[in-house]
Amino acid sequence: MNRSWLRLSVWAVILVILAACAGNTSTPAPTAAGQTAAASQPASVAPVTAPPASVSPGTNQPSSEATEPPPSEEATAEASGTPPPTPVIVAPESVAPGVKLVRWYCCLGTGDDPTQVKVEKKVIEDFNKAHSDIQIEGEFVLYAQAYDTLATEIAGGNPPDIIGPVGFGGANAFSGHWLDLQPLIDSTGFDTSQWESSAVDYFKVGNAQEGLPFAIYPSALFYQVGAFQEIGINEPPHKYGDQYVAIGPAAAALNVSEGTAVPWDYDTARIIAMLLTVDTNNNDATQSGFDPTNIAQYGFEPQRDDLRGLGAYWGAGSLVAPDGTAQIPPQWATAWKWYYNGMWTDHFIVDGPRFNDQVSWNPDGVPFCNGKVAMAENFLWSTYCMTSAGDNWNVAAVPAYNGTQTAAFNADTFRIWKDTANPDAAFTVLQYLLGPAAQALTTTYGAMPAKEDLRDAFFQQLEDSFGTLQNPTDWQVFLDGIDHADVPNFESPLPFNKSGENTYNESLSAINTYATRWDTTQGLDLDSQITQMQADLQAIWDK
Amino acid sequence: MKPLERREALWGFIFISPWIIGFVLFTMLPTLATLGLSFTNFSLATSAPLAFVGLKNYQDMLADPQVWASLEVTFTFAAFWLPMTLIVPFMVAVILNSPSLRGSSLFRILIFLPYVIPFVAGVLIWQNTLSPETGWLNEGLRALGWANPPDWLNDPTWIYPGLVLVGVWGIGGAVIINLAGLQNVPTELYDAAKIDGAGWWGQMRHVTLPLMSPVIFYSLTLGLVEVMQYFLVPFVLKNGTGEPGGSTYFFNLYIYKSFFTFQRMSYGATLAWMLFVITLVLTLALFASARRWVYYAGDRNS
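Protein sequences appear in the order of chains A and B.
Note that the numbering used here has the first sequence beginning at 1, numbered continuously upward.
Note that the numbering used here has the second sequence beginning at 1001, numbered continuously upward.
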C-alpha cells in the first residue's frame, strides 16, 4: 500500500464536492444552450421516450393539470448516468431575414406523447406553409421535465413566446409573467364572442386577459355499472339535482324503506361506497367480518392530485382569506376528513400505499382504470385510460354537500410570455392555435373544445376510441357539470410573499406534503393537521 | 525543467485538455457562478430586477428552521448509512476473497450486477418491493410469521432501514474496491501471522484491517461526501415530499426544491455553498484524523 489511495481520496472529494456545488448531480437541469443548438437544426423530430400523455411518470398523476413539479426524469437519469431524453424540436427548415420566429413551448400539461407530437408537428407545418412573415418553432419537452426546463430557459434569458397547453395551476406557477392580451385583442379587433363571455372571463386576472378559451375539462363521477348490478342497487343519478333511489342492500344500509329517494350527497355516497367495497371473502365494508387488509374492490376514489381540488368537489373555496391571510375553507376541511376516514377508518377509499402500487392497484395513474374501484370522481381527461376500465362503465353527477353539487373544473389554454420580443406575431400564432388548429389539437389532447361547434366531433371521436361499451356513455353529464363548476377555481393564484416572490409552488409543495402524509399515515388528528397546514401556508406567505 | 520533460508535460496537458476545458466550463465556472448568485436576489418567482443583497441570503438561511431540520435528517441518516456502507461491502469482499469459497467469480458477478442497472430503475423496483401491502419483502416476512411487517416507506421509524436496504443493494462498486484492496495485502504477512499463532480474527485485526485502512479511509471519505449529497433515492421514492413526517427532507432535497420548485435561485445557491462548507469541514477533519489510524506501507511516518 502507498499514498495513492490518499491522493485518490483527495481528488475524489474535490471533484464530487465541486460537481455538487455546480449542480451536476443534485440540481440537474437541461441547458438552454443545448436546446438552442438542437433548435437550429433542420426540421426534424428527435426520438422521444414519452409516457402516456396524461400520466406523470413516477407520480401517478394526470398531467393535464400540474400540481407540483414531479421528480424529473432528467434529474434521476442524469444522476444514474443515463442520458436524459431529448426534447422534440420542430423547427422550420429555414428562417429568412425579417421573418419573425415564434417559439411554442409545450408540455406543462398534456401534449408530450409521440402521437400528440405528430399532430402538433403537422399543425406547425401547416402554419409555416401558409405564412411567409411568421414561422413557428415547436419545443416539446416531456411533462416530467417541462417545469425545470422552462425555469432554466427563463433563467438563461431564453424564454419561449407561447406556452401551452397549460392549465391554471401550471400558469400560476409562473404568474406575473403572462402577457395581457386585451391590448392585442383591441388593436386587431379579434372577435372573442365566439366563446361564451363567462368562459373568456375565466382567464381574467384582475383586469388583465391572460388567456382565451381553448380546452375545458369538466368532471363527473365515473362508475362501474356491473358493480352496482352485482349487489342489486341502483346506479347513481345522472342528472344534477336528482335524488338517489335506494333499493335492496342500499335501502337497508341507509335505513330507509325500499325505493325511497334520498339526497345524492356525500353521506349517501359513503354508505354506497362501503357496500361496494368488498374483501377477498366477498364481505363488504359495512359487514363485521370485513377484512381491510385483503380488499378486492374499493368503493370510491376521489380526485386526489391536489387537496384543493379534492376539497373543491365539496364546494368552491380559496386558501386566501379576503384579508390576504391563509385560511382553510370549512367545506374543504370536512372533505379532507371524509377522505381520510374513508381511507383509514371506513376503508372504502384506496389508501396511499395501494394508490402508489403501480403493479397491482394503479398502473395507469387513475385507480378506477384498473377496474377495481366502483366509483371515482375525476376530470374528463381521465378518459385517457378508460379503455383499461372494462366495457361497462358510465358517468353520473357528483354528490352534493350541504345541498350543493360542485364538479371541480379545469381548463387548458395557450399563453404568451410577457416579455416576448414579438407580441404581434405571437398573437397571430395564438389565434391560429385557438382557431383553425383547435380541432386537431383538442382531439389529440383528449380535451373538450371550448368552442361549442367542435364538441360533437370531440365526443364522437372519444366514443369511437372506447370500442363497444355495454352502455352508451352519458356525455351530457360532463356538459351539465360545466354549470356546477367551482368558482373561484381551486387553482386560483396564491399570494406573493413579503419579498415579492410568487409562493405558488412553495405553497403547493407544503400542501402536497400533507396530502402524502395523510395518504400514507394512519391515526393522525386531522383537525390539528389542518390547523398546522394553515400555519405553514401563512409562514410561507410571511417570508 | 529539461526540454524533454517540458515537452512531455506539454503533451500531457494537451491530452488532458478536453477534460480540463470541460471541467472549467461545466463545473468550475458554474460553481463560482453559484457563489456570486448567493449574494443576489435572483429568483424566478419574482419580476424584481436583479440586485446585490449582500449577506441577506446567508442571514435568511441561518434563521430558516427547514435548514436545521434538513441537516438533522441528513446527519441522522448518515449515522445509519455510513457504517453500513463501510461494513457490508468490506465483509462481502472478505467472503469473496476467501480461498474456501467455491464459485467466487459467479458471486462477484452477481454482487456487481445491480451496480450496472440504471439506479432509478432499481429504485422504482424497490418502491414496489418495499410496498407494505403487496411488496415482496413484506410478503416474505408474512410468510415467515410476521403478521404486521414494517411499513418501510411510510413509517418514520422504518424509512431509514428501508433506504439503507436500497443502498446496500447497490454496493457492487464498493465491494470491488474492497476486494482489490484485500488482494493487495501481501500473503507473506498472513503466513508470518499464522506462524506467530494468529487465528482468523488475529489476522483480520493485525494484518487485514491495518493494511486495508487506506481503502477504508477512501470509502469513508467518499461515503461521507455522498451521504451529504443524498438525494436520488428519497426523491424518487417519496416524490420529493420529504415524507414520512419530514424524515426524507434531506438537505440536498431542500437545495433542489429551493432551486427548481420554489424557484429561489440565489437562496438555492446559498444552501449549496453551505453544503460545500459543511462537507469541506467534515472532510478536513477526516483527513486530520487519518494520521492516527490510516497505515501507509513505506511511509516514513508509519
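Positions of the beta carbon are idealized from the N, C-alpha and C atoms, including for glycine.
One thing to note: Asn1154 (chain B) has its Cβ no nearer than 9 angstroms to the Cβ of Thr387 (chain A). Bounds of any alpha helix (DSSP H) do not take in Lys100 (chain A); it lies within the beta strand (DSSP E) bounded by Lys100 to Cys106. For Pro114 (chain A), the secondary structure class from DSSP, reduced to helix, strand or coil, is helix. Runs of the beta strand (DSSP E) lying entirely within the segment 140-214 of chain A, each at least 3 residues long, are 162-166 in chain order. Counting of Cβ neighbours within 10 angstroms places Trp1201 (chain B) among the exposed residues, the total staying below 16.
Around the beta-carbon of Val1024 (chain B), fewer than 16 other beta-carbon atoms lie within 10 Å, marking it exposed.
Residue-level contact check: Gly324 (chain A) does not touch chain B, since none of the beta carbons of chain B fall below 9 angstroms from its beta carbon. Runs of the beta strand (DSSP E) lying entirely within the segment 382-463 of chain A and spanning at least 3 residues, in chain order: 393-396 and 410-416. Here the C-alpha atom of Asn505 (chain A) lies approximately 15 angstroms from the C-alpha atom of Asn1239 (chain B). If you ignore the 5 residues before and after Gly157 (chain A), its C-beta comes within less than 7 angstroms of no other C-beta in its own chain. As the crow flies, the alpha-carbon of Met533 (chain A) is around 30 angstroms from that of Leu380 (chain A). Three or more beta-carbon pairs drawn from the segment 300-313 of chain A and the segment 331-342 of chain A are found closer than 8 angstroms, and the two stretches are therefore classed as touching. Those residues of the segment 397-409 of chain A placed with their C-beta closer than 8 angstroms to a C-beta in chain B do not exist. Between Thr413 (chain A) and Pro165 (chain A), the gap from beta carbon to beta carbon is short of 9 angstroms. Within chain A, the residues placing a beta-carbon under 8 angstroms from that of Met1265 (chain B) are Ala155, ordered along the chain. Only residues of its own chain outside the window of five on either side were considered, and among them Gln1066, Val1067, Ser1070 and Leu1271 have a CB closer than 8 angstroms to the CB of Tyr1254 (chain B), listed in chain order. Ser219 (chain A) has A:Phe379 as its beta-bridge partners, per DSSP. For Thr1241 (chain B), at least one C-beta of chain A is nearer than 9 angstroms to its own C-beta. Bridge partners of Asn502 (chain A) according to DSSP: A:Phe496.
Residue A:Asp536 holds the alpha-carbon nearest to the alpha-carbon of Asn512 (chain A) among A:Asp527, A:Asp536 and A:Ser499. By the Cβ-count criterion, Trp1146 (chain B) is exposed, with fewer than 16 other Cβ atoms from all chains shown falling within 10 Å of its own Cβ. Ser1047 (chain B) belongs to the set of residues whose beta carbon lies under 9 angstroms from a beta carbon in chain A. Secondary structure of Ala269 (chain A) (DSSP, three-state): helix. Nearest to Arg517 (chain A) by C-alpha distance, out of A:Ser382, A:Gly390 and A:Asp351, is A:Asp351. In the same chain as Gly1245 (chain B), and ignoring 5 residues on each side of it, the C-beta atoms closer than 7 angstroms to its own belong to Pro1156, in chain order. Taking a Cβ-Cβ cut-off of 9 angstroms, the neighbours of Gln358 (chain A) in chain B comprise Leu1124, Gln1127 and Asn1128, given in sequence order. Residues of chain A whose Cβ lies closer than 7 angstroms to the Cβ of Ser1043 (chain B) are, in chain order, Glu501. Between Asp191 (chain A) and Gln209 (chain A), the CB-CB gap reaches or exceeds 9 angstroms.
Take the alpha-carbon of Phe1039 (chain B) and the one of Ala155 (chain A): they are about 16 angstroms apart. Remark: C-beta atoms of Ala457 (chain A) and Ala215 (chain A) do not approach each other more closely than 9 angstroms.
Per DSSP, Tyr313 (chain A) lies in no beta strand (DSSP E) segment and is marked neither H nor E. Among the CB atoms of chain B, none fall inside 9 angstroms of the CB of Ala246 (chain A). Within chain A, Thr516, Arg517, Thr520 and Thr521 have C-beta atoms less than 9 angstroms from the C-beta of Pro1244 (chain B), given in sequence order.
Here the C-alpha atom of Phe228 (chain A) lies approximately 54 angstroms from the C-alpha atom of Asp419 (chain A). According to DSSP, Glu1139 (chain B) shares a beta bridge with no other residue. Short of 6 angstroms from the beta carbon of Phe127 (chain A), and not among the five residues preceding or following it, lie these beta carbons of its own chain, in chain order: Ile136 and Tyr432.
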